[in-house]
Structures are given as structure tokens and as C-alpha cells.
Amino acid sequence: MTTADDVVRVPRVLDLESDDVVLAVDGGGSKTDVVAIALDGSLVAHARGPGTNPQTRGWAEVGPVLDEVRARVLDEIGTREVRTTHVYLAGLDLHDELIAAEAALAHWSEDGGAPDVLDNDLFALLRAGTLSPDAAALVCGTGINALAVRADGATVRYPAIGDVSGDWGGGAYLGNRALWHAARAEDGRGPATALMDAVPRSLGMRSVREVTEGLHFGRIDPGAVGRLCPLLFEVAGAGDAVARSVVERQAEEIVLMASVALERLGLGGAGSEVPIVLGGGVLAARHPLLVEPVVAGFAERVPGAVPTWVTAPPVLGAGLAALESVGAGPDALDRYRAAVLGREFASTAAPIV
1 MTTADDVVRV PRVLDLESDD VVLAVDGGGS KTDVVAIALD GSLVAHARGP GTNPQTRGWA
61 EVGPVLDEVR ARVLDEIGTR EVRTTHVYLA GLDLHDELIA AEAALAHWSE DGGAPDVLDN
121 DLFALLRAGT LSPDAAALVC GTGINALAVR ADGATVRYPA IGDVSGDWGG GAYLGNRALW
181 HAARAEDGRG PATALMDAVP RSLGMRSVRE VTEGLHFGRI DPGAVGRLCP LLFEVAGAGD
241 AVARSVVERQ AEEIVLMASV ALERLGLGGA GSEVPIVLGG GVLAARHPLL VEPVVAGFAE
301 RVPGAVPTWV TAPPVLGAGL AALESVGAGP DALDRYRAAV LGREFASTAA PIV
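Okay, so the sequence shown: first residue is 1 according to full-length UniProt numbering, each after it adds one.
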């Protein structure tokens, strides 16, 4: 098993008459996609399951989910040989996490092949957005994380474990902030905000206190708090000062996290363009209150920054990387990209024709 940092792409001649496939896996905080791709770039099968971030869910939960979603794809490809498997998961940030992931998926060698590349899902996002050897990628979805890479192979990564590693933001965190401000507005400790009425209403409750007690006693799914993120942006868009301040802080953190990663590699100075690939559900929504300060912040802090939004499923990048690793050419890569962008990634494992 190698990480994305270790991959060396060696040009080779592919037998496009072969019915072999490559497997690509992208697992984030909210969903997991597995695809089988023919060597000519045709999308053969796809299956979707729930999120598979081992950092937040643990391998006892994540392992069976990955096994089941992958098994659906393997069932569809039948006897076709798997040439390579690339797996990109959220939460693989530390060396020990990569080692644990390798051990957890080693049994795949008995059926289709263990992962040849196993790394953080940021590398899939990066590949989906740019081919530049000097670049950064930042995801703001359920959580927030970033990395930067340089042409000589140097990489800057973050532990991305949350508060204990200095992180701020992501959809779950923003939803939590919406509830936090609503609670303080209701009991008088914080400034007035429309969140005080909007939060309980969105959860079918009469007051923030009722929401708090519902969470405490298990009457409300804790995951509901993370789903308050879109509400936060809605209230901010309506002009609420408290909600806007949270969105503004998120923009600052996005700029800071990606900029520092680039600065640590000496990238992004004036006169040298560097792509910053941005993805994840919070960023993909392209809300003006977030987009505008992010673009302005990068322009001020990283003169060479070229912000690039990726709204395609991250499994696009995972599949491109897998195809490239077996020598697929531009036509195959374009065919796969068109296939991903041309269909809804619904939860299905039906053969794709």
C-alpha cells in the first residue's frame, strides 16, 4: 500500500480491449462512493453508502460499510479483474491512522485486491480540481481540512482532529454554532438573533430550551445539529448580524488554513500562480456570503492564488488518479470525467451503460 504522496505514474501502453477495471473509493463524513471504471474510462458500476470517516466513526463502524458498498460494485462487475484499487477517506490525517486503515482493509486482498493507494480524501479533491504539481486543497464539508503539495514531493498536512488540533469550522461545527447562539439569545447571555426562533422551528420544537433538552435526553438525533448549517446561511443571508459573523469567521478560517499550508511550502508568492482547490458541501453551495470573503482573503494573503471550486463528486478525482496509475490516456480520463459529470450519483449499483 502507498499513499498519494508516493504514487509515481509510469507511462505504459494499455490493452483497451481488456475488460479489466479499476476501483476508486471516496469516503467522506456524510457519504461513500465506490466506482468501477473500465480502462477506456467508461463508468461500469457505482454504489453509494453512508459516511466512512474512521476518525469520527471508528473502524468497527466504517469497515463493514466499506465492505458492503464495495461488495455491491464487485457483484456487478462479475469476473472482471480489478487492475488497481484507490481508496481516499476523510479522517486519514496521521501516520497511525494510515497504518490502521491499511490493516482494516487488508482482507480485500482475498477478493479483488487490497488498496494500492490509501490516503486522505483531500488528495481525491485535489486531483479533481487541478493537475498542477504546486497546489493546495481545502475541504469544508462535515468538517474542515487542508493540504498543500509541491512539485518536489513536499507536502503539508494538518492533524484535523477538531478543537484539540486548532481547527474551526465545517458543516457540523457551523450547525453547532447556530444552536449555541440561539441558546444564548434565548436565555439572555448573548445578543438577539433570528436563530433563536429559526433553530427550534426547523426542528419542530417550540423553543431552544426544548431543543437542548431533546438532545440531552436523546429525543433528538445529535446529527440534527449538524444539519442546521444551511439554516445558518439562510438566516445570515437575511441580514442577521450574529449569523453573518459566524459565516465571516468561517471564511477567515478557510483562507487561513489553505494559506498557511502554502506558505509553509514557500508557494503562492506574487508572480507565481498556484491553484487552491475548494470542495465539500459548505463550499460547494457557493453562498455569496462565503465565496466573496474567501476570494478576497486569498487575493490579499496569497497573491498568486487561483481559487478553484469543485462541485463534482470527489470520487471523480479518486477515479482519475486510479486510471492514471495504470497508464490511462487523456481520452480515457475525459470519458470518465464526462460520465461522472453527466449523471446523478444516486444510491445504486446497477450496471451503467
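Think of the CB as a built atom: it goes at the ideal place given N, C-alpha and C, for glycine as much as any other residue.
The structure displayed is predicted, hence computed values, not measured ones.
**Report entry** Sequence ranges, alpha helix (DSSP H) only - wholly within the region 221-272, length at least 4
**Finding:** At a cut-off of 4 residues, the continuous stretches assigned as alpha helix (DSSP H) that sit fully inside the region 221-272 are 223-226, 229-237, 241-264.
Query raised in the report: What's the C-alpha gap between Val65 and Gly169?
Result: The straight-line gap from Cα to Cα measures roughly 26 Å.
Query - Straight-line Cα distance separating Ala146 from Arg12 - result: With a pLDDT of 48 at Arg12, under the threshold of 50, the modelled position of this residue cannot be trusted; read the value that follows with caution. For Arg12 and Ala146, the gap between their C-alpha atoms comes out near 32 Å.
Query raised in the report: Can at least three beta-carbon pairs, one atom from the region 31-47 and one from the region 64-78, be found at a separation below 8 Å?
Result: Yes, the region 31-47 is in contact with the region 64-78.
Query - Straight-line Cα distance separating Ala24 from Thr348 - result: Note on Thr348: pLDDT 40, under 50, position unreliable in the model; the coordinate value appears next. Going from the Cα of Thr348 to the Cα of Ala24 covers about 16 Å.
Report task. Could you tell me the distance, in whole angstroms, from the CA atom of Pro159 to the CA atom of Ser165? Result -> Looking at the two C-alpha atoms, the distance is approximately 6 Å.
**Report entry** Beta-carbon separation (whole angstroms), residue 373 vs Ala178, contact threshold 8 Å
**Finding:** Residue coverage of the chain in this structure runs from 1 to 353, which leaves residue 373 outside it and unanswerable.
Query raised in the report: Tell me, which residues are paired with Gly279 by DSSP?
Result: Paired residues: Val139.
Query - 6 Å CB neighbourhood of Ala101 in its chain, flanking five on each side removed - result: For Ala101, where only same-chain residues beyond five positions count, the Cβ hits under 6 Å are Leu92, Leu118.
Query raised in the report: If you pair each beta-carbon of the region 108-124 with each one of the region 217-228, do three or more pairs fall below 8 Å?
Result: Segment contact: the region 108-124 against the region 217-228, fewer than three CB-CB distances shorter than 8 Å; contact not assigned.
Requested in this report: Compare the Cα-Cα distances from Val326 to each of Trp59, Pro50, Thr85, Ala47 and report the closest residue.
Outcome: Among Trp59, Pro50, Thr85, Ala47, the Cα nearest to that of Val326 belongs to Thr85.
Query raised in the report: For the alpha helix (DSSP H) that Leu195 lies in, which residues bound it at each end?
Result: In this chain, the alpha helix (DSSP H) harbouring Leu195 covers 195-202.
Query - Three-state secondary structure assigned by DSSP to Tyr88 - result: Strand.
Query - Beta carbon of Ser132 nearer than 8 Å to that of Pro275 - result: In this structure, Pro275 lies closer than 8 Å to Ser132 by Cβ.
**Report entry** Cα-Cα separation, Val291 to Asp19
**Finding:** When rounded, the distance between both Cα atoms is 43 Å.
**Report entry** Closest Cα partner of residue 359 within the set Arg72, Ala339, Tyr336, Val315
**Finding:** Any question about residue 359 goes unanswered here, given that the chain covers just 1 to 353.
Query raised in the report: Between the C-alpha atoms of Gly175 and Leu231, what's the straight-line distance to the nearest angstrom?
Result: Taking the straight line from one Cα to the other gives about 8 Å.
Query raised in the report: Between Val225 and the rest of its own chain, which residues show a CB-CB distance below 6 Å, the 5 nearest in sequence each way excluded?
Result: Cβ neighbours of Val225 beyond the five flanking positions: Gly175, Asn176, Leu179.
Query raised in the report: For Ile77, does the count of other Cβ atoms within 10 angstroms reach 16, so buried, or fall short, so exposed?
Result: With 16 or more neighbouring CB atoms inside 10 Å of its own CB, Ile77 falls in the buried class.
Query - Selection from Ala284, Arg286, Ala185, Asp134 that minimises the alpha carbon distance to Gly266 - result: Selected option, being the one with the closest Cα: Asp134.
Query raised in the report: What did DSSP end up calling Pro351 once you bin it into helix, strand or coil?
Result: A caution first: Pro351 carries a pLDDT of 38, below 50, which makes its placement in the model unreliable, though a value can still be read off. Pro351 falls in the coil class under three-state DSSP.
**Report entry** Runs of beta strand (DSSP E) lying entirely within the region 116-186, each at least 3 residues, in chain order
**Finding:** Those beta strand (DSSP E) runs which fall completely within the region 116-186 and span 3+ residues are 117-120, 135-140, 144-149, 155-157.
Report task. Using the Cα positions of Ala338 and Asp116, report the straight-line distance between them to the nearest angstrom. Result -> A straight line joining the alpha-carbon of Ala338 with that of Asp116 spans about 25 Å.
Query - Three-state secondary structure (DSSP) of Asp19 - result: Asp19: coil per DSSP, three-state reduction.
Report task. Return helix, strand or coil for Pro54, following the three-state DSSP convention. Result -> Of the three classes helix, strand and coil, the one that applies to Pro54 here is helix, per DSSP.
Query raised in the report: In angstroms, rounded to a whole number, what distance separates the CA positions of Thr2 and Gly317?
Result: Computed Cα separation, rounded: 17 Å.
Query raised in the report: Going by the beta-carbon positions, is the gap between Val87 and Val21 smaller than 8 Å?
Result: No, the pair does not count as a contact, with Cβ atoms beyond the cut-off.
Query raised in the report: Looking only at DSSP bridge pairs, what is Thr311 linked to?
Result: Beta-bridge pairing links Thr311 to no other residue.
Query raised in the report: So which of Arg70, Ala261, Arg189, Leu256 has the shortest CA-CA distance to Ala114?
Result: The residue with the shortest Cα to Cα distance from Ala114 is Arg70.
Report task. Leaving aside the five residues before and after Thr255 along the sequence, list all residues of the same chain whose C-beta is less than 7 Å from its C-beta, in chain order. Result -> The residue asked about is misnamed: residue 255 is Val in this sequence, not Thr. Setting aside the 5 residues that flank it on each side, Val255 is surrounded in the same chain by Val294, Gly297, Phe298, Arg301, each with a C-beta closer than 7 Å to its C-beta; the list follows chain order.
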